[in-house]
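Notes follow the structure.
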Amino acid sequence: MMQDIICDSNDNMKLIKRRRLSEANVYREVETLTFQQLQTFCLVVEQRSFGRAAECLYMAQSSVSQQIAALEREYGVPLFNRVGKRCIVTPEGRVLYEAAKEIIALISSIPQRIKDTRSLANGQLRLGASSTVSTYLLPPILRKYREKYPQIDLLVKAGYGYKMVDLVRAGEIDLALVGHNLNWLADPSLKARRVSRDYLSLIVWPGHKWCDRSLVEPQELLDG
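Just so you know, numbering that gives the first Met the number 0 puts 217 at position 218 of the sequence shown, and the rest follows in order with no gaps.
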């Protein structure tokens, strides 16, 4: 239990700091030990023996007993009935065993799940697109993507380009396919890359001054 102590001695201050550091280390050990306790407990259940569990874990039987005792104190119930040299798990212990197996499996799967996500073996891609892109350009792209990465869950949103960019800023989608905008290119919070170039057709009546032109610059449209 920590207390606030007022003192004017450097030695005393060092002692207090060491004490607090020691207490912090104890807390970390308890947090680390909890997972080990669950692993040890599950092995005792499966082996029906403290001794055999200790052999499998390459530790002293007394260490196994201490970990089980700590769990029993934590939950306030006996986890085993001792019958001769055998340990029979109690109903309460069976509940803990089923939960512990799920916890151990989940924690043990984390490294592989992270690896799979980084290698695109699984995961989710949240994609936004402007209405035009989502209607005309995106379908064949998505089809090829699904063929190449069938295990990736695709979430697609469509709407105005500026709204899709706002969703990227808010972290609600991972990327957006939208029309070109110089303001977005200059935004330091965004990384933009041109992935496609689209062409527009200008339609005029017969006899118009641009009727025989193959290319009209945007500035000419502004000038009339």
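All C-beta atoms, glycine included, are put in the ideal place defined by N, C-alpha and C.
When DSSP states are grouped into helix, strand and coil, Asp222 belongs to the helix group. Boundaries of the beta strand (DSSP E) harbouring Arg125: 122 to 129, taken from the DSSP string. The beta-bridge partner set that DSSP reports for Ile151 consists of Gly122. Restricted to the region 165 to 204, the alpha helix (DSSP H) segments that are unbroken, complete and at least 4 residues in length are 181 to 185, listed in chain order. For the region 34 to 85, the continuous alpha helix (DSSP H) assignments of 4+ residues that do not extend past its boundaries occur at 49 to 56, 60 to 74, in sequence order. In the three-state reduction of the DSSP assignment, Lys208 falls in the coil class. Where Glu101 is concerned, the enclosing alpha helix (DSSP H) starts and stops at 90 to 117. The beta-bridge partner set that DSSP reports for Ile87 consists of Asn80. Here the region 105 to 122 makes no contact with the region 76 to 93; the two share fewer than three CB pairs at distances below 8 Å.
Residue environment analysis places Phe34 among the exposed positions, since fewer than 16 neighbouring C-beta atoms fall within 10 angstroms of its C-beta.
Straight across, the Cα-Cα distance linking Val164 with Ile106 is about 35 Å. By the neighbour-count criterion, in which a residue is buried when 16 or more other Cβ atoms sit within 10 angstroms of its Cβ, Thr39 is buried. CA-to-CA, the gap between Glu91 and Val44 works out to about 12 Å. Comparing alpha-carbon positions, the option among Val82, Glu97, Asp152, Ala169 lying closest to Leu42 turns out to be Glu97. Taking all protein chains shown into account, Cys86 has 16 or more neighbouring C-beta atoms within 10 Å of its C-beta and is therefore buried. A direct Cα-to-Cα measurement between Lys208 and Leu199 gives close to 18 Å. Counting every other CB atom within 10 Å of its CB across the protein chains shown gives Val63 a total of 16 or more, marking it as buried. Contact between the region 121 to 132 and the region 147 to 155 is present: 3 or more CB-CB pairs across the two stretches fall below 8 Å. Just measuring C-alpha positions, the residue of Thr116, Lys162, Arg117 sitting nearest Gly127 is Lys162. Linking Lys114 to Ala104 through their CA atoms gives a straight-line distance of about 16 Å.
Counting every other CB atom within 10 Å of its CB across the protein chains shown gives Ile67 a total of 16 or more, marking it as buried.
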